[in-house]
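Numbering (my numbering), first residue to last: 1 to 159. What follows is a short report on a single structure.
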């Protein structure tokens, strides 16, 4: 059996090794989020038509805004490439003008403003080497305004 002072030295060594492994894992994880932005952008542009279709399908099935049915999205060339400050995930905020129609029998039926186009930003996220969408939309803010509004949560990506 070891003497008590050696036992604590072993525990200290094992603890230091554990911290070292944790640090290496953390650094490696940080590097994974540093996927080259230019390569990510190229993938986005290549897949943009299918991503836009996936966005429209997901967003139109979300039930938001309440009482309205999505009828069309007009896509703009405005894109802001940002990183989520909390997760480090790369995001693309794409400008979109959305048109709605009132759901028959709903609260919005008869409201004139329903037919007005709504400026917004469609949110896409980069995960496991590809772009995805959950149909998340930031209403009433174009991509530049969204980044400014959420500057505590988003940081622009330089490339």
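Beta carbons: idealized from backbone N, C-alpha and C, even for Gly.
Residue 79 and residue 101 have their C-alpha atoms spaced approximately 26 Å apart. Note on residue 14: under 16 other CB atoms within 10 angstroms of its CB, so exposed under the neighbour-count rule. Residues of the same chain with a CB within less than 6 Å of the CB of residue 74, apart from the 5 flanking positions on each side, are 97 in chain order. Separation of residue 148 and residue 89 (C-alpha to C-alpha, rounded to the nearest whole angstrom) is 18 Å.
DSSP places residue 115 within a helical segment (H, G or I) once states are collapsed to three. The Cβ atoms of residue 154 and residue 37 lie no closer than 9 Å to each other. Residue 138 sits close to residue 123, with the two beta carbons spaced by under 9 Å.
The Cβ atoms of residue 59 and residue 93 lie no closer than 9 Å to each other. Closest in alpha carbon position to residue 70, among 85, 86, 53, is 53.
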